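*Asks:* Starting off with a structure, shown below.
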Amino acid sequence: MGRARGGPSPRPGPLWAWLVLGAGIPAMLASPGNQVNLLDSRTVMGDLGWIAYPKNGWEEIGEVDENYAPIHTYQVCKVMEQNQNNWLLTSWVSNEGASRIFIELKFTLRDCNSLPGGLGTCKETFNVYYFESDDEDGRNIKENQYVKIDTIAADESFTELDLGDRVMKLNTEVRDVGPLSKKGFYLAFQDVGACIALVSVRVYYKKCPSVVRNLALFPDTITGADSSQLLEVSGSCVNHSVTDEPPKMHCSAEGEWLVPIGKCMCKAGFEEKNSTCQAPSPVTNVKKGKIAKNSISLSWQEPDRPNGIILEYEIKYFEKDQETSYTIIKSKETTITADGLKPASTYVFQIRARTAAGYGVFSRRFEFETIPVSVAASSDQSQIPIIAVSVTVGVILLAVVIGFLLSGSCCECGCGRASSLCAVAHPSLIWRCGYSKAKQDPEEEKMHFHNGHIKLPGVRTYIDPHTYEDPNQAVHEFAKEIEASCITIERVIGAGEFGEVCSGRLKLPGKREFPVAIKTLKVGYTEKQRRDFLGEASIMGQFDHPNIIHLEGVVTKSKPVMIVTEYMENGSLDTFLKKNDGQFTVIQLVGMLRGIASGMKYLSDMGYVHRDLAARNILINSNLVCKVSDFGLSRVLEDDPEAAYTTRGGKIPIRWTAPEAIAFRKFTSASDVWSYGIVMWEVVSYGERPYWEMTNQDVIKAVEEGYRLPSPMDCPAALYQLMLDCWQKDRNSRPKFEEIVSMLDKLIRNPSSLKTLVNASSRVSNLLVEHGPLGTGAYRSVGEWLEAIKMGRYTEIFMENGYSSMDAVAQVTLE
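Quick note on numbering: the sequence shown equals residues -30 to -1, 1 to 785 in mature numbering (1 follows the signal peptide of the UniProt record, and there is no 0).
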C-alpha cells in the first residue's frame, strides 16, 4: 500500500479496510469518440500532484485495477470525529478552449447505518467545487472563493456484509460546468464526515468529430456552453467538388452533427472517379415492349445501387453502325417510346441514371429491330376481322345487360361503376347518386380511374398512399417540390421520429418570405424510413382546411429530405395549456374545441380516420387557432412505454382510443369521436394526463366495465355531457363531428349556457363512486376502493378525516 500524499497513513482499521480490494476495481473503459479527456486520474502513471488539506484528511492509496494497472485512489473515513472539513485539491487543468466541461466521478461510500454504534455525525455525501484560473498560481486560494458544483450522494452504499464478499459497489456520477471564461480551472472535493473512496476522476469536454457530409468536410468542433445550444459550422468542399455557397451543419451540445444545409457537387469529369461522389450503378435490365414499323417501346428497372434518389434517366439511341449520329431522350419514368424510326432497322439503346451526385455510366448496348413495312401492313389487315368480332360481341353483351336492367332486377341505382348502366335502364333514379347528366359538361362525362380508385367529379376523397406501387408517385402528386435554396433553417425546435424539427423561413419566387416548420429526415435513412417519412406529406397534401395543418411542400431531390409546413408559434396544444394553466376564459377554450371539431369534420367527410387524435397532436398558433396534425404512417405515440398498447396490428394510444378499436382494431370516424371526447377533457383540465397514473391494462378494464373520466374542475355541465356522449360504448350512439360542431356553435352563441357547472357536491360521488369498477359499491372497505383507483397511499388520510366507511366516501364533496 502506498503512502498517503497528505501525510503518514494511520493503521488500517475495519472502517476503511474495504478500500484495499485490488482486483475488485474494474479497468477503465475507453471514452466515446465525441469526448476529449482533459484529466483522467486512472491513466496518470506518475504523481497526480493533488494536495490534501488538512494533511491527515484525504489519503492516497496505491491500487491496481483488474488488469493490474496502477491507479490513484483517495479515501477518507473520519466518521469518529466531529466537525470534519477535509479538502482534496487537483492540479490545474487546461480546458483547451472548451466553455463547458463534464466531471465523471467513480466512488464507493459506506452506509452510515452499518457503522458501529450508529454514529450520528456520519454523512453519506460529499461536495465538489471548482475555481477558474488562467494559470497554475491559483490553487492556494481560500475555500470561500471556490464555486460549488453539487453535493454528490451514492446510489449504492456498502455495508459490513459486503466486506466479507469483497464486493465493491461502484457509483458513477457526472456533472457539467459552464460557461467557463478562463484558460483552466482547479477541482476540489470536500468531505464533511463520510466514509468514502474516490476511485477515479475524469474531466472531459464534448466535440462534434470531423466528418465528411454531402461532399463537404466539417472540422472537429467543440460544443457550446449551453446545454441546448447549436453551433453553426461551415464546411469546405472536398477535392474535385464545388459549391456556390459553403454547406453548413450544426454541432449540438451532445457532440452530434444536426441539420445539414446545402452541399457540394462533383466537378465535371469526377463523377465516377471520386468515391465521396458516388453516382448510380449502370442500368442492367432493359426489356422491349411494343415494337412497330416506326417505333420501339422499352422499360427497365432502377439500378441495383442507385446511391441516392434517381432524378431522371438519359436514353441514348442510334441506328446500328451510325453511332456518330444519335438521339438523346430524358425521362423521369422507367419507360419510353422512341418513334420516328426507320422500318426494318436495328437500333442500339443505352440508358444511364442521374442523382444529385451526377450521371452514372451508360448501360451496355441493347439492340432492337423495327418491323418491316410489309409485316406491319399484313398485321393491320389481320386485325380487321378481330375488331369486327369484338364490336359484335360488345353490342350483344350491352343489349343483354340493358335487357336485364329493364326487367326490373336493378331496382335502385347506387353510386359507383354501375351507375352509368343504371342510367340507361332507370334515368329517373340517377338523382340517388347526386349525378345529373343534364348538368354535366363534356369533361365531366368521363369517369376517371386514379390508381385503382374511382374519382367522381366534384367529390374530394382521401386516397391512401399505400395503394401506390411507387410511393414517390404519391408524394409528387399531392405535394409540391420545393427547391432547397428557397428554405432557410434557423433553429431546431424539437425532435421527431425520423429526424429534427426546425423552424425557418420559406421564400418562394414572386412571394414574400414567411415562417415555416421543417421536418428533416436524418442521415443514413433506409428506403422504408424515407417512404414512411414522405407518407405523411402524401396524406397532408390532400387536405385544405383552416383547422388542418397546411403543407407547403417537400424537398426530395436533394438532402436532407424535408417536409415543410406552416409554422405554429405556440406548438403542441397539451404543452401550451400546461404552461398557461387557468389563463383562458371558457369561451376561449370552447373556441379551441370548435376548431378541432371543424378540422375533424373535414377529415371525416373525406373518409380519413386519424387514429391518434390527442392534444399532443394538435398545434396552436399565436391567434389560438387549433389545427389537427400528425398524419404520419409510422408514429412514435409517446415516450412513456406504457402509453402504447401493442397488438398484432401495431401500437395503440390506449388512453385516447375507443374500446372497439382496442379490442377489434375497428377504427372509424366514431372511434375518432371517442378520442375527441378525451381531447375535450384534456383542454378543459389544461393538459392533465387522462386517467392519471393508471396503467394501460387498468384503463382498458375500467373503461370496458363502464368507468368514464370524471368532470374536470369548473367544467360547464354542457361540455361534460358532450364528453360523455362521445364516450358512449355503442359507437353508433356517439355524435357525428358535424353534430359536435353544431353543438359547440350553439354554446358559443349562447355564453350563458356555459355558466352551469357540474355540481361540485356530486362530482366525486357521481363520477368516481357510481361509475363501474371504480365505484364504491363494488368494494367492502375504503382501503380496498382506494387501492383499486391507485390511491392506496391516501388511506390513512381518509381515515383520519372520518371517511372510514363507503357510505361516508359517497358523501365526499369538492370542499
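Each residue gets a CB set at the ideal place from its N, CA and C atoms; glycine is no exception.
Quick caveat: nothing in here was measured; it's all calculated off a predicted structure.
Can you check whether the CB of V318 is closer than 8 Å to the CB of Y287?
*Replies:* Cβ distance < 8 Å, so Y287 and V318 count as in contact.
*Asks:* Suppose you measure from the CA of K549 to the CA of S542; what does that come to, to the nearest Å?
*Replies:* Approximately 11 Å, taken between the alpha carbons.
*Asks:* With DSSP as the reference, identify every bridge partner of G67, one or two as the case may be.
*Replies:* Answer is none; G67 lacks a bridge partner.
*Asks:* Taking the alpha helix (DSSP H) that R500 falls in, what are its first and last residues?
*Replies:* Start and end: 497 to 510.
*Asks:* Quick check: what's the CA-CA separation for V445 versus S198?
*Replies:* Computed Cα separation, rounded: 34 Å.
*Asks:* Apart from the five residues just before and just after S655, which ones in its own chain have a Cβ nearer than 6 Å to its Cβ?
*Replies:* Only P682 meet the Cβ criterion.
*Asks:* Taking all protein chains shown into account, decide if V212 is buried (16 or more other Cβ within 10 angstroms of its Cβ) or exposed.
*Replies:* Answer is exposed; the Cβ neighbour count stays below 16.
*Asks:* Relative to the C-alpha of G480, which candidate in F155, C456, S204, H436 has its C-alpha closest?
*Replies:* When only C-alpha atoms are compared, the closest one is C456.
*Asks:* So F707 is in the alpha helix (DSSP H); what residue range does that whole segment cover?
*Replies:* Residues 707 to 719.
*Asks:* Per DSSP, S265 forms a beta bridge with which residues?
*Replies:* Looking at the DSSP assignment, S265 forms a beta bridge with D309.
*Asks:* Whose C-beta lies closer than 7 Å to the C-beta of G565 among residues of the same chain, with five residues either side of it excluded?
*Replies:* Cβ neighbours of G565 beyond the five flanking positions: N517, V595, C596.
*Asks:* Going straight from the alpha carbon of I299 to that of R501, what length do you get?
*Replies:* Each residue's alpha carbon lies about 28 Å from the other.
*Asks:* The beta strand (DSSP E) spanning R145 covers which residue range?
*Replies:* Run containing R145: 141 to 147, per the beta strand (DSSP E) assignment.
*Asks:* Measuring straight from C-alpha to C-alpha, what distance separates G310 and N264?
*Replies:* The alpha-carbon atoms of G310 and N264 are separated by roughly 5 Å.
*Asks:* Classify D777: buried if its beta carbon has 16 or more other beta carbons within 10 angstroms, exposed otherwise.
*Replies:* D777 comes out exposed.
*Asks:* Measure the alpha-carbon distance for V711 versus N666 and round it to whole angstroms.
*Replies:* Taking the straight line from one Cα to the other gives about 30 Å.
*Asks:* Assuming V525 contacts I452 under a Cβ cut-off of 8 Å, what Cβ separation, rounded to an integer in Å, is found between them?
*Replies:* Right, their Cβ atoms sit about 6 Å apart.
*Asks:* At the level of alpha carbons, what is the spacing between P276 and Y329?
*Replies:* Their Cα atoms are separated by approximately 11 Å.
*Asks:* What are the start and end residues of the beta strand (DSSP E) that includes G657?
*Replies:* G657 -> no beta strand (DSSP E), and no H or E assigned at all.
*Asks:* Could you say if the segment 89 to 100 and the segment 169 to 184 meet the contact criterion of at least three C-beta pairs nearer than 8 Å?
*Replies:* These segments do not touch.
*Asks:* Rounded to the nearest angstrom, what separates L85 and T13 at their Cα positions?
*Replies:* Those two C-alpha atoms are separated by around 33 Å.
*Asks:* Just how far apart, CA to CA, sit C234 and Y44?
*Replies:* Cα to Cα, the separation comes out at about 53 Å.
*Asks:* Per DSSP, what kind of secondary structure is A167 in: helix, strand or coil?
*Replies:* Correct three-state label for A167: strand.
*Asks:* Please tell me whether N141 and T78 are closer than 8 Å, where the distance is taken between their beta carbons.
*Replies:* Yes, they are a contact pair.
*Asks:* Hey, how far is the Cα of I280 from the Cα of A323?
*Replies:* If you take the alpha carbons of I280 and A323, they lie about 7 Å apart.
*Asks:* Given that a residue counts as buried once 16 or more other Cβ atoms are within 10 Å of its Cβ, and exposed if not, what is L59?
*Replies:* Result: buried.
*Asks:* Going by the DSSP bridge assignment, what does D544 pair with across the sheet?
*Replies:* According to DSSP, D544 bridges with nothing at all.
*Asks:* If you drop the 5 nearest sequence neighbours on each side, which residues of the same chain put their C-beta closer than 6 Å to that of I533?
*Replies:* So the list reads K489, A507, V524, once near-sequence residues are dropped.
*Asks:* How big is the Cα-Cα spacing for R701 and L268?
*Replies:* Roughly 53 Å separates the two Cα atoms.
*Asks:* So S127 and D81 are in contact, right, with Cβ under 8 Å, and what is the actual spacing, rounded?
*Replies:* Yes, S127 and D81 are in contact; Cβ-Cβ is about 4 Å, under 8 Å.
*Asks:* For the 8 Å Cβ check, are there 3 or more pairs between the segment 462 to 481 and the segment 546 to 560?
*Replies:* Result no; under three Cβ-Cβ pairs closer than 8 Å.
*Asks:* Looking at the secondary structure, which residues open and close the alpha helix (DSSP H) in which Q691 lies?
*Replies:* 687 to 696 is the extent of the alpha helix (DSSP H) around Q691.
*Asks:* Enumerated in chain order, which unbroken segments of the beta strand (DSSP E) with a length of 3 residues or greater are wholly contained in the segment 183 to 236?
*Replies:* Complete beta strand (DSSP E) runs here, min 3: 186 to 188, 201 to 204, 218 to 221, 227 to 231.
*Asks:* In its own chain, which residues sit with a C-beta less than 7 Å from the C-beta of H515, not counting the 5 before and 5 after it?
*Replies:* Closer than 7 Å at Cβ, skipping near neighbours: G569, Y572.
*Asks:* Quick one: what's got a C-beta closer than 7 Å to G163's C-beta in the same chain, skipping five residues either side?
*Replies:* Hits under 7 Å: K48, V49, Q54, T91, C92, K93.
*Asks:* What does DSSP give as the partner residue(s) for F155 in the beta ladder?
*Replies:* BP columns for F155 point to V63, E102.
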